[in-house]
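With the first letter of the sequence shown counted as 1, position 51 gets the number 59 in our numbering; the numbers rise by one all the way through. Yeah, the Cβ is synthetic: ideal placement off N, Cα and C, and Gly gets one too. Written out below as structure tokens is the structure these notes cover.
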Amino acid sequence: MKHSTIRQETERRRNAAHDSAARRAPRLGKLDARQRLLALLDPNSFEEWDTLVVHQCQNFGMEKKKIPGDGVVTGTGRIAGRTVHVYSQDFTVLGGSLSMAHAKKILKVMDMAMRTGTPIIGLSDSGGARIQEGIDALAGYAEIFQANVLASGVVPQISVIMGPCAGGAVYSPAITDFIYMVRGSSYMFVTGPQVLKTVTGEEIDQKSLGGARVHTQKSGVADAAFDNDLETLLAVRKLVSHLPQNNQSKTPKADIVAARDQLQLDTLIPENPNAPYDMRDIILNLADGADFTELKADYAGNILTGFIRIEGETVGVVANQPMVLAGCLDIKASRKAARFVRFCDAFEIPLLTLVDVPGFLPGKDQEHEGIILHGAKLLYAFAEATVPKITVITRKAYGGAYDVMASKHLRGDMNYAWSSAEIAVMGAKGAAEIIFRSETDPALKAQHIDDYAERFASPFEAAERGYIDDILQPSATRDRISSSLQRLSSKKLENPWRKHGNIPL
Ligand code: HXC
9 MKHSTIRQET ERRRNAAHDS AARRAPRLGK LDARQRLLAL LDPNSFEEWD
59 TLVVHQCQNF GMEKKKIPGD GVVTGTGRIA GRTVHVYSQD FTVLGGSLSM
109 AHAKKILKVM DMAMRTGTPI IGLSDSGGAR IQEGIDALAG YAEIFQANVL
159 ASGVVPQISV IMGPCAGGAV YSPAITDFIY MVRGSSYMFV TGPQVLKTVT
209 GEEIDQKSLG GARVHTQKSG VADAAFDNDL ETLLAVRKLV SHLPQNNQSK
259 TPKADIVAAR DQLQLDTLIP ENPNAPYDMR DIILNLADGA DFTELKADYA
309 GNILTGFIRI EGETVGVVAN QPMVLAGCLD IKASRKAARF VRFCDAFEIP
359 LLTLVDVPGF LPGKDQEHEG IILHGAKLLY AFAEATVPKI TVITRKAYGG
409 AYDVMASKHL RGDMNYAWSS AEIAVMGAKG AAEIIFRSET DPALKAQHID
459 DYAERFASPF EAAERGYIDD ILQPSATRDR ISSSLQRLSS KKLENPWRKH
509 GNIPL
């Protein structure tokens with residue numbers, strides 16, 4: 009073939025790949041696969057690969073349905089100047105369904121991300137396995153799952169669900185570190201409404217089965233949801249700004265933005281120890297620019313997780329929230345926080361733990377559903393973490409929950425308490441009921457409770473034993489965290505060699 013003919017033919021095929029509008033009318037608020045990448049990446053930074061790839065399927069007349077690119081746009085680009093590898097499924101090509109060729113394109117960018125130590129961001133919009141390809145499509149998925157697993161803890165992996173994500177396809181996002189969804193237009197489920205109706209007789213629509221609300225509020229599968237494609241992709245850029253390129257590199261240092269007036273913290277804890285207050289206020293106060301990138305905000309509200317910066321350095325925050333279930337640890341909160349702690353540890357992001365926890369949530373349901381096992385996840389995650397760990401007890405730290413929440417005994421590096429802290433094995437009333445069970449005089453019983461509270465509902469017992477390193481004025485906390493982080497940046501701590509631990513899953 010002549011060079012000029014090849015040039016013309018290349019252009020023709022490239023145009024065919026790009027012409028999504030000719031295949032399907034754009035939907036309101038939805039960008040097409042390439043527009044999404046342009047919104048996600050720095051201007052002029054996207055380099056597309058494998059635009060001319062087509063599938064090799066000969067079944068059911070598929071040999072006549074070849075569209076260059078085969079339903080996924082792949083390549084590399086930059087976010088705030090840092091390289092990332094990306095793929096974006098194109099629903100206008102056979103419903104974004106996954107063929108072996110489509111899978112190989114995704115595997116190629118994942119492989120390059122691993123070779124270069126850079127994050128992988130996948131935008132999902134797909135009807136699942138390319139039905140005409142049968143087992144080849146399944147093989148393609150499994151190879152992607154395998155690559156996801158090998159990349160886990162090596163480079164950050166982010167999934168953005170921007171349309172359908174159904175069947176076994178959901179397991180690639182599930183293995184990745186973060187899942188963002190678009191409200192109204194994305195859904196995820198293993199078994200869709202049609203099959204449900206046939207198998208169980210249950211009737212439910214896609215949104216109610218696996219929409220953004222379900223996964224951000226009920227299942228906890230997704231980390232956050234946003235109103236449209238653009239907002240979601242801008243949120244991904246913000247998330248990436250907190251992450252290192254890989255498990256050997258540091259998080260990027262940001263410009264320092266002034267924090268709020270720290271004196272506000274001195275009056276934040278109510279006099280009444282049982283009155284709730286919003287732990288988010290404390291986090292916002294401590295953060296540069298009062299900026300908190302919260303994850304799973306609408307799930308297990310009794311614990312808060314997310315990223316802030318202190319003096320420009322990213323810190324992962326885990327905090328009990330007294331506004332919800334009085335900040336008790338339950339199954340959902342334990343799982344939510346454990347996964348976050350493990351992410352931070354895998355990627356060397358220091359942990360700040362803010363503690364106000366009256367204990368584990370008591371109850372038959374919690375026990376029967378396995379709080380023993382799930383609570384142990386959080387304990388395990390904090391205990392195995394070797395990143396810098398700074399803990400501040402703002403108020404209650406009772407019982408096993410005290411131990412779990414990054415206590416000194418789990419290799420906390422710096423453990424501080426405010427003067428409002430109550431650190432004890434259990435609440436004064438419960439303790440006095442047990443120790444003085446035989447006491448029948450109500451006045452004397454009340455006295456015992458007061459005595460117990462006087463002795464233990466303070467930070468002194470723990471401070472006398474060195475279990476906390478200092479009692480801080482709340483307004484001095486940010487400075488102490490900042491200086492501790494600087495010192496701890498040279499921290500070296502290794503766990504004993506093993507193939508891997510056996511976290512209670
Ligand atoms: C081949 C597919 C496809 C698929 C959609 N299309 N899904 N082609 N394989 N999996 C095609 C449609 O035939 C149609 O082609 C075009 O994409 C657009 O689809 P529509 O149905 O018109 O779009 P919409 O009404 O928006 O519905 C979207 C949808 C629906 C809900 C996703 O397409 C759907 O239910 N698809 C099948 C989903 C599914 O069962 N997938 C397989 C799951 S099994 P034309 O030519 O008409 O435009 C699986 C196993 C993975 O994924 C296991 C991994 C371990």
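- Residue pairing for Tyr188: DSSP places it in a beta bridge opposite Val168, Ala232.
- DSSP places Ile152 in the helix class (H, G or I) of the three-state scheme.
- By the Cβ test, the stretch 115-124 is not in contact with the stretch 266-278, since fewer than three Cβ pairs between them sit closer than 8 Å.
- Beta-bridge pairing by DSSP links Leu131 to Ser96, Val168.
- Put simply, of Tyr410, Gly367, Gly320 the residue whose alpha carbon is nearest the alpha carbon of Ile489 is Gly320.
- For the set Leu360, Pro358, Gln374, Phe197, the Cα lying nearest the Cα of Ala341 is the one of Gln374.
- Beta-bridge partners of Asp478 (DSSP): Tyr424.
- Between Leu369 and Met108, the alpha-carbon positions lie close to 48 Å from each other.
- In this structure, the beta-carbon distance from Phe444 to Lys437 does not fall below 8 Å.
- Counting only the Cα atoms, Gln165 lies some 13 Å from Arg245.
- Residue ranges of uninterrupted alpha helix (DSSP H) with 4 or more members, entirely inside the stretch 377-424 and ordered along the chain, are 379-392, 407-412.
- Bounds of the beta strand (DSSP E) holding Thr322 are 321-328.
- Taking 4 residues as the shortest admissible run, the stretch 250-309 contains the following complete alpha helix (DSSP H) segments, listed from N- to C-terminal end: 287-294.
- In chain order, Asp231, Thr313, Gly314 place their CB closer than 6 Å to the CB of Leu303, counting only its own chain and leaving out the 5 sequence neighbours on each side.
- Non-local beta-carbon contacts of Gln481 in its own chain, meaning distances under 7 Å to residues more than five positions away in sequence, involve Asp274 in chain order.
- For Ala465, the secondary structure class from DSSP, reduced to helix, strand or coil, is coil.
- Between the beta-carbon of Val62 and that of Lys72 there is about 12 Å, and that puts the pair past the 8 Å contact cut.
- Arg138 has its Cβ nearer than 7 Å to a heavy atom of ligand 1.
- For Arg288, the closest C-alpha among the options Pro252, Gly335, Asn280 is that of Gly335.
- At the C-beta level, Gln270 and Arg486 come within 8 Å of one another.
- Distances from the CB of Gly142 to the heavy atoms of ligand 1 are all 7 Å or more.
- Considering only Thr184, Pro172, Gly176, the residue with the shortest C-alpha distance to Asn156 is Thr184.
- According to the DSSP assignment, Leu362 belongs to the beta strand (DSSP E) that extends over 359-365.
- Distances taken from the Cβ of Pro504 to the heavy atoms of ligand 1 include none shorter than 7 Å.
- In this model, His223 and Gly176 are separated by some 16 Å (Cα to Cα).
- Where Gly314 is concerned, the enclosing beta strand (DSSP E) starts and stops at 311-318.
- Under the three-state reduction of DSSP output, Glu441 falls in the helix class.
- Between Gly367 and the set Leu45, Ile339, Lys215, the nearest pair of CA atoms involves Ile339.
- In this structure, Ile291 and Lys344 do not form a Cβ contact; the two beta carbons are roughly 16 Å apart against a cut-off of 8 Å.
- Pairing Gly125 with Ser249, the inter-Cα distance amounts to about 16 Å.
- Beta-bridge partners of Arg90 (DSSP): Ile87.
- When distances are taken from the beta-carbon of Ala111 to the heavy atoms of ligand 1, even the shortest one reaches 7 Å or more.
- For Leu146, the Cβ falls inside the 7 Å cut-off from some heavy atom of ligand 1.
- Distances from the CA of Leu46 to each of Gly69, Glu19, Asp78, Tyr95 were compared; the closest alpha carbon is that of Tyr95.
- Pairing Leu493 with Ile264 gives a Cβ-Cβ distance that is not under 8 Å.
- Contact between the stretch 15-27 and the stretch 143-151 is not established, with fewer than three Cβ pairs separated by less than 8 Å.
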